[in-house]
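Working notes, beginning with the structure itself.
In full-length UniProt numbering, the protein residues as written are 1 to 213.
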């Protein structure tokens, strides 16, 4: 993990929670001290220097995240070194469309835009008052929301959701029970939550029926 600001540190801690060993690198001593003892190994170092990265054996890693956001030049230099090393999988944080374009031109396949992606996501939550919203591709989304009244008491097979609304219900959650895969014979109840998949406009329109309950 190169860059241990808010994004990098949160990602590093989540990976640790999932049992992944993490090497964290940052030039800021405060960021390094904040994670000392919380991730596998953390070091204060300049990730734009090839000899520094080699001394940390970064060139031997198969997966590296460049989470530098405050210094675009450092982000690009560090990423260039990883590509030079032949690192198989690189994730890089971009703070602007221009930054992201440069990273893609370098050959980075996984470019992430944490701030703008979250902004778009929250905009949909605010506008439509849905429980959760995730874009998974061009014009395709997953939406978590309450069951619309039109679907209560009916099985998914009876509802003909694809034909009538252009969406699918992929999973159902009941009260304190865990999420369950939805099947054609699944009958929806008033207090259920559902995971709706479909194109953005159709999914949003379908979940708005829940507001009419």
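Ideal Cβ positions, reconstructed from N, Cα and C, are used throughout, including at glycine.
In this chain, the beta strand (DSSP E) harbouring residue 144 covers 140-146.
Secondary structure at residue 99: helix, using DSSP grouped into helix, strand and coil. C-alpha of residue 173 to C-alpha of residue 17: approximately 25 angstroms in a straight line. If you draw a 10 Å sphere on the C-beta of residue 133, you find 16 or more other C-beta atoms in it, and that means buried. The Cβ atoms of residue 4 and residue 36 lie no closer than 8 angstroms to each other. Taking the C-beta atoms as reference points, residue 57 is found no nearer than 8 angstroms to residue 88.
By the C-beta criterion, the stretch 66-80 is judged not to be in contact with the stretch 29-43, since fewer than 3 inter-stretch pairs fall below 8 angstroms. In the three-state DSSP reduction, residue 76 falls in the helix class (H, G or I). Residue 133: member of the beta strand (DSSP E) spanning 132-137, first to last residue.
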